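S.K.: There's a structure below that I have some questions on.
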Amino acid sequence: MYVEQFSTGWSLQPVLKGSQGHCSPGPVLNVTAGTKGRRRIWHVMIKFMPLLKELYARLEKRDFKDIFHSVINHPLTVQEFGQAWSWMLGEFDLNDDPAMQSLYETRKQWAPAYL
Numbered sequence: 068m069y070v071e072q073f074s075t076g077w078s079l080q081p082v083l084k085g086s087q088g089h090c091s092p093g094p095v096l097n098v099t100a101g102t103k104g105r106r107r108i109w110h111v112m113i114k115f116m117p118l119l120k121e122l123y124a125r126l127e128k129r130d131f132k133d134i135f136h137s138v139i140n141h142p143l144t145v146q147e148f149g150q151a152w153s154w155m156l157g158e159f160d161l162n163d164d165p166a167m168q169s170l171y172e173t174r175k176q177w178a179p180a181y182l
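The numbering of the sequence shown is our numbering, which starts it at 68 and goes up by one.
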């Protein structure tokens with residue numbers, strides 16, 4: 068279940084404390100605490116984007132991009148992630164692709180199932 072909470076109180080606290088000579092990053096850290104995994108995925112995608120663009124173009128008619136993003140963004144368990152990744156590599160004949168091998172080797176740093 069997804070619940071979104073909205074509050075503007077945290078944004079004013081650092082400004083008020085800052086005007087008194089000291090500032091606490093606590094409120095900002097509380098708001099951004101759950102974004103660590105998404106930042107990691109973003110950095111990985113930036114690093115691999117030239118190689119991924121090549122795969123996206125080559126496999127465009129087979130919807131590789133949509134399937135790839137579904138595998139990496141869907142909240143899976145570690146076992147489900149491994150099964151989905153393995154299926155995807157087999158489906159698109161990418162078992163020997165260096166970019167995909169490198170992504171998989173670093174999965175514990177960016178895949179939501181491992182975070």
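We put the beta carbon where it would ideally sit given N, CA and C, even for glycine. Model, not experiment: these values are computed from the prediction.
1. Look up ALA178 in the DSSP assignment and say whether it is helix, strand or coil.
2. Quick check on the DSSP output: the alpha helix (DSSP H) that includes HIS136 runs from which residue to which?
3. Taking the C-alpha atoms as reference points, what is the distance between ALA180 and GLU172?
4. By Cβ distance below 7 angstroms, which residues in the same chain neighbour ALA178 in space, the five residues on each side in sequence not counted?
5. I think PHE131 touches TYR123, with their Cβ atoms under 8 angstroms apart; what is that distance to the nearest whole Å?
6. Write down the C-beta distance between ALA166 and LEU119 rounded to the nearest angstrom, noting that I regard them as a contact closer than 8 angstroms.
7. CA-CA distance, ASP107 and LEU170?
8. Around the C-beta of TRP109, are 16 or more other C-beta atoms found within 10 angstroms, so that it is buried, or is it exposed?
9. Drop a sphere of 10 angstroms on the beta-carbon of LEU182, count the other beta-carbons inside from all chains shown, and report buried for 16 or more, exposed for fewer.
10. Under a three-way DSSP split, which group does GLN118 fall into?
M.R.: Inspection of the coordinates gives the following:
1. coil
2. 131 to 140
3. Straight across, the Cα-Cα distance linking ALA180 with GLU172 is about 14 angstroms.
4. ILE139, PHE148
5. 6 angstroms
6. 7 angstroms
7. The sequence shown places Arg at residue 107, rather than the Asp named in the question. ARG107 and LEU170: Cα-Cα distance of roughly 12 angstroms.
8. exposed
9. exposed
10. Here residue 118 is Leu; the residue named in the question, Gln, does not match the sequence. Helix, per DSSP.
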